[in-house]
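For what it's worth, my numbering labels the leading residue of the sequence shown as 321, then goes sequentially. Every residue gets a Cβ at the ideal spot worked out from N, C-alpha and C, and that includes glycine. Keep in mind it's a predicted model, so treat the numbers as computed, not measured.
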Amino acid sequence: MFDKRVYGSLIVMILTVYAIRVLPFLIFRKEIKNKWVRSFLHYVPYVTLAVMTFPAILTAASSVWAGGAALVTGIAVALLGGDLFVVAISTCVAVFLTEMVIL
């Protein structure tokens, strides 16, 4: 039913995920005291989230311009102290108004 390549791909994926989860425990047995490494590891989750989210912001709307307007609006409202709900509503309004102007 399945091709041998499917099983091979599954085994490679399983080993990759397992290695990513187990290798840090095997390599870093002691507490990390280097300030640079600690700060680097501190920002990894934020950078990963940004890398996954940024392309989706630009391509979620029907035009890249509307996505860009939402991105700029969201950053501005967040920097001005808006909470998550205010940022979400303002970006939706920005996309709506931008697409009304474009279309």
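| Check | Outcome |
| --- | --- |
| Out of A414, F348, I331 and G401, which one is the CA nearest neighbour of A390? | A414 |
| Between V392 and P365, what straight-line distance do the alpha-carbon atoms span, to the nearest angstrom? | 22 angstroms |
| Note down the Cα distance separating I334 from W385, rounded to an integer number of angstroms. | 40 angstroms |
| Taking a contact to mean a Cβ-Cβ separation below 8 angstroms, would you say S383 touches I331 in this structure? | no |
| How would you label T418, buried or exposed, when you count the other beta carbons within 10 angstroms and need 16 or more for buried? | buried |
| Less than 8 angstroms between the beta carbons of T411 and G388, yes or no? | no |
| Go through its chain and collect everything with a Cβ distance to H362's Cβ below 6 angstroms, but skip five positions before and after it. | none |
| Cα separation between V397 and V407? | 6 angstroms |
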